[in-house]
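Structure first, then comments.
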Amino acid sequence: MPPIESTSPTFDTLAIVGVGLMGGSLALAAKQSGLAKRVIGLGRTQSKLDSAVELGILDAGTTSVAELAEAQFIVVCTPVDRIVADVQSVMNVVGDHAVVTDVGSVKQPVCDVLGTQFPRQFVGSHPLAGSEKGGFQHSEVDLYRGRKCVVTPLSDNSLQAVQVVEQFWTTLGMDVQCMSAEEHDRILAVTSHLPHVAAAALASLLTEHEAPFAATGFRDTTRVAHGEADLWTAILQQNSGHVGQEIGRLINELSQYKQALETNDAENLRSLLESGCAGRRLFESVFKNGRNAWTS
1 MPPIESTSPT
11 FDTLAIVGVG
21 LMGGSLALAA
31 KQSGLAKRVI
41 GLGRTQSKLD
51 SAVELGILDA
61 GTTSVAELAE
71 AQFIVVCTPV
81 DRIVADVQSV
91 MNVVGDHAVV
101 TDVGSVKQPV
111 CDVLGTQFPR
121 QFVGSHPLAG
131 SEKGGFQHSE
141 VDLYRGRKCV
151 VTPLSDNSLQ
161 AVQVVEQFWT
171 TLGMDVQCMS
181 AEEHDRILAV
191 TSHLPHVAAA
201 ALASLLTEHE
211 APFAATGFRD
221 TTRVAHGEAD
231 LWTAILQQNS
241 GHVGQEIGRL
251 INELSQYKQA
261 LETNDAENLR
271 SLLESGCAGR
281 RLFESVFKNG
291 RNAWTS
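Set out below in structure tokens:
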């Protein structure tokens with residue numbers, strides 16, 4: 001994959017709150033792209049931040065939010081149930097010049113609060129990138145490149161702040177699309193949150209007796225079940241309404257399979273399977289047309 005094209009630094013100081021996989025990868029990409037002269041990370045454990053500096057991921061790391069006072073652009077990469085409090089903490093120390101965004105995969109609860117409190121400075125966003133792996137040790141400079149990023153501006157947002165956020169992600173090589181926070185959460189319930197629930201539910205059925213006979217089909221359909229339980233508990237709770245509806249739709253779909261099997265209805269069973277094949281082909285066509293990027 002070609003390197004990100006270098007540009008003149010946009011910010012003297014870029015701050016990243018939460019230096020895990022997402023934050024660490026963002027720091028690497030921002031440094032390579034020339035988006036900032038200096039990248040500082042805010043976290044809870046100084047020794048881990050020092051390690052990130054030693055690895056060249058950060059220029060500096062701190063556990064004190066006061067050290068972010070001079071940052072012009074701040075990206076909050078903490079779990080979704082902490083984003084509101086973390087942004088509020090940052091806003092207590094930065095000036096009116098700063099623009100703040102986040103990377104959370106649930107937007108409406110965050111934007112409803114922060115968009116009202118800080119309409120001229122906070123703009124929600126969600127880069128659709130990641131891995132079942134966690135920690136800055138797994139940071140990838142190309143994690144965001146070629147992926148889609150959703151920005152969720154509100155009517156009260158400053159147009160300038162929205163443009164700054166959009167340009168930030170675009171410079172990292174992302175395909176930026178704007179939509180409402182509610183629409184984002186409804187879509188992600190189908191494309192991200194429900195798949196995790198389904199993968200976890202399927203994986204939980206496996207016993208020690210059956211495990212030696214599980215092969216690529218089981219591996220592929222349960223890959224995301226590796227995700228950290230605390231992180232996903234917060235995501236699912238934050239988007240509980242939409243995810244609950246989609247679980248209901250999935251249960252209905254599975255019930256149709258069950259009924260077809262119980263009644264020996266081969267025609268209906270075939271129709272259900274063909275519908276699944278069509279959905280998979282739709283998914284693949286989107287990637288082949290360059291509207292997103294394949295995640296390995």
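Taking this note's numbering, the leading residue of the sequence shown gets 1, the next gets one more, and so forth.
No residue lacks a Cβ here, since even glycine has one placed at the ideal position from N, Cα and C.
What whole-angstrom Cβ distance do L154 and C111 have, given they're in contact under 8 Å? The beta carbons of L154 and C111 sit about 6 Å from each other, so the pair counts as a contact at 8 Å.
Which same chain residues, not among the five before or five after R38, have their C-beta less than 6 Å away from its C-beta? Taken in chain order, the residues that qualify are T13, D59.
Can you tell me which of the three DSSP states P109 falls into? helix
Are the Cβ atoms of C77 and V103 separated by less than 8 Å? yes
Going by beta-carbon coordinates alone, are I235 and L194 separated by less than 8 Å? no
From H97, M22, N252, residue whose alpha carbon lies closest to that of A272: The question names Ala, but residue 272 is Leu in the sequence shown. Relative to L272, the option among H97, M22, N252 whose CA is nearest is N252.
In whole angstroms, what separates the C-alpha of T116 from that of E267? Cα to Cα, T116 sits roughly 53 Å from E267.
Under a three-way DSSP split, which group does V176 fall into? strand
Kindly provide the ranges of any beta strand (DSSP E) runs that are 3 or more residues long and lie completely inside the region 142–209, ordered along the chain. The qualifying runs are 148–152, 175–178.
Decide yes or no for the touch test of the region 22–33 against the region 79–92: beta carbon pairs closer than 8 Å, at least 3 of them. no
So, using beta-carbon positions, are L250 and T221 closer together than 8 Å? No.
Quick one: grab the DSSP three-state call for T7. Here T7 scores only 45 on pLDDT, less than 50, and its place in the model should not be relied on; the value that follows carries that caveat. If DSSP states are grouped into helix, strand and coil, T7 belongs with coil.
Check this for me: beta carbons of T45 and V75, under 8 Å apart or not? no
So K258 is in the alpha helix (DSSP H); what residue range does that whole segment cover? 240–262
Please report the distance separating the alpha-carbon of R281 from that of H97. Straight-line measurement puts the Cα of H97 at about 46 Å from the Cα of R281.
CB contact flag (G95, G20, <8 Å): no
Distance check for T63 and K107, CA to CA, integer angstroms please. 26 Å
Please classify T62: does DSSP put it in a helix, a strand, or coil? When DSSP states are grouped into helix, strand and coil, T62 belongs to the strand group.
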